[in-house]
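See below for the structure under consideration.
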Amino acid sequence: MILRGWRTAGPIAAAAVALSACGPVGPPAIDFGDAAPAAAPLAATLPATVENWPDACAVLTDAEITAILPQATGLTRTPQTVQIVDESVRNIAQGGCQFAFDLPDLRESAGNTKITLTFSRVGEENAVAAYYADMKRFSGDPVAPAAWGATECTYGKIIESSVACYHRNFAFTVTGDSTVGGLDSPARFQIWRDEVTAEVVRTLVSRMG
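Numbering of the sequence shown is given in the numbering used here, commencing with residue 129 and proceeding in unit increments.
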C-alpha cells in the first residue's frame, strides 16, 4: 500500500518549516492509501426488492476503509433510508449508510470524518443505465475520470467530493468530508474526491465484477 500524505508544497512549505521552531504546532498531516477491495463479490439479487436490497453498512468493511485512510479510528455505521425507488420499492432502511470515524487533529473530536454510501438503484443493467442517464441530464455535473473503474461517474460542481456512479446492476452515490485541520484548504473537496471518494468507488466496482 502506498501512503500519500497531503502537505503544502513549494515556498509555503519552506516557510512553514522555518517558522515551526517558534510558531504553533500545525495540524497532523493526513495519509491516504489505495483501494484494497475485499474478496467477497458484490452481486445484485434481481428483481430488487426492499428485502434483498444491498445493506450499505455491510458493503464497505473496516479493512477497506482503513486501506484508504490508514489513520481512521473509532469507526461507526448509521443506516440511511432510501425513501422511494419506484411504486413497489420504497423506504429501504438499509439502502444507505453513513460511516463516521476519527482522523488525527489538534483537538479531539468524535466522528470528525464521514463517508456516506447510498445504493440509489439496483436492477437490470439497461434499466440502471437509463436511470443514471436521466439523473445526469438534470444535474449536468462533470464526468469523473474513467480510471475510477465505474461505467461512469459524475461529481458535484460545488461539493466535488460528492459523486454519483453506475456500474453493471448498481447506481450509487458516495459523499464525504472531514473537518480536520490537515485538510483545511480551499481545495479540500477536490482533495477528498481524488484521494478518498475515487478509492471508495474503485473498491466497490472491483467487487461488482
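A virtual CB, placed ideally from N, CA and C, is assigned to each residue, including glycine.
C-alpha distance - residue i paired with residue j, whole-angstrom precision
i      : j      : result
Arg235 : Gly304 : 20 Å
Asp233 : Asp159 : 12 Å
Ser216 : Ala238 : 38 Å
Cys281 : Thr206 : 24 Å
Thr307 : Ala299 : 28 Å
Pro182 : Gly223 : 6 Å
Ala191 : Pro165 : 9 Å
Glu288 : Leu188 : 21 Å
Reduced DSSP secondary structure (H/G/I, E/B, other) of residue i
i      : result
Tyr180 : Rather than Tyr, the amino acid found at residue 180 in this sequence is Asn. Coil.
Leu376 : This structure leaves residue 376 out entirely; the chain is present only between 129 and 337.
Gly224 : strand
Ile319 : helix
Ala141 : Because Ala141 sits at a pLDDT of 37, beneath the cut-off of 50, its placement in the model cannot be relied upon, and the following sentence gives the value as read from the coordinates. In the structure shown, Ala141 sits in a helix (DSSP, three-state: H, G or I).
Arg235 : coil
Asp230 : strand
Val256 : helix
Distance between beta carbons of residue j and residue i, contact taken as under 8 Å
i      : j      : result
Ile193 : Phe227 : 6 Å
Thr325 : Val302 : 5 Å
Gly277 : Leu174 : Not really, about 22 Å apart at Cβ, beyond 8 Å.
Val210 : Ser248 : 7 Å
Residue(s) in a DSSP beta bridge with residue i
i      : result
Gly304 : Ile243
Ala299 : Arg249 and Tyr294
Cys185 : According to DSSP, Cys185 bridges with nothing at all.
N-terminal and C-terminal residue of the alpha helix (DSSP H) that residue i is part of
i      : result
Glu341 : The structure shown does not extend to residue 341, since the chain spans only 129 to 337, so no value can be given for it.
Thr331 : Ala326 to Arg335
Endpoints, beta strand (DSSP E) assigned at residue i
i      : result
Glu288 : No beta strand (DSSP E) holds Glu288; DSSP gives it neither H nor E.
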